[in-house]
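Trainee:
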Amino acid sequence: MTSHLRALRYRAFSIDLLVTTAVTGALVIGEFVEAGVVAFLFVVGSWLEARTLERTRRSVSDLLDIAPEEADVIRDGRTITGEPVPAEKSEGDLVYAGTMAADGFLTVRADSV
């Protein structure tokens, strides 16, 4: 089943359904050039979208390839502990709820709530 018919079946209006409706309507009223233009623009738009998505995936993959294997992360725990300087934490170290990363990203796992 094509995507526009599937969208119609589940009452989910997608771009495929809208383009199909526009092309069909243009053909029914005899506007063949307009039907062709709509179909052409849709194909070009889909091609551009696929090309952009592939380039984005390739760029993210390239960025992951140059990411370091190890990194030192300094997290600012002074809001909780009152320490005047940030404390270095490593993978597996305990952090308090509300601890803020001084730089970069912070991923934590809650052991208890």
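Numbering (the UniProt record's numbering) for the sequence shown: 1 to 113.
Beta carbons: idealized from backbone N, C-alpha and C, even for Gly.
(1) Please give me, in chain order, every unbroken run of the alpha helix (DSSP H) with length at least 4 that falls completely inside the stretch 30-70.
(2) Quick check on this structure: which residue in L53, T99, R57 has the alpha carbon closest to the alpha carbon of A110?
(3) Among the residues of its own chain, which have a CB less than 8 Å from the CB of G104, if the five just before and after it don't count?
(4) Using only alpha-carbon positions, find the residue among F42, E34, V33 that is nearest to S14.
(5) With H, G and I counted as helix, E and B as strand and the rest as coil, what does DSSP make of A110?
(6) So for V95, helix, strand or coil by DSSP?
(7) Measure the C-alpha to C-alpha separation of A87 and D65 and round it to an integer number of angstroms.
(8) I need the straight-line Cα distance from A7 to S59, nearest angstrom please.
(9) Looking at the structure shown, is A22 part of a helix, part of a strand, or coil, going by DSSP?
Mentor: If we stick to the structure as given:
(1) Correct list: 32-66.
(2) Closest option to A110, Cα to Cα, is T99.
(3) Only A71, V73 meet the Cβ criterion.
(4) Of the residues F42, E34, V33, the one whose Cα lies closest to the Cα of S14 is F42.
(5) Looking at A110 - three-state DSSP - the assignment turns out to be coil, as it is neither helix nor strand.
(6) Per DSSP, reduced to three states, the secondary structure at V95 is coil, with no helix or strand assignment.
(7) Put simply, the backbone Cα of A87 is about 29 Å away from that of D65.
(8) Roughly 32 Å separates the two Cα atoms.
(9) In this structure, A22 counts as helix in the three-state DSSP scheme.
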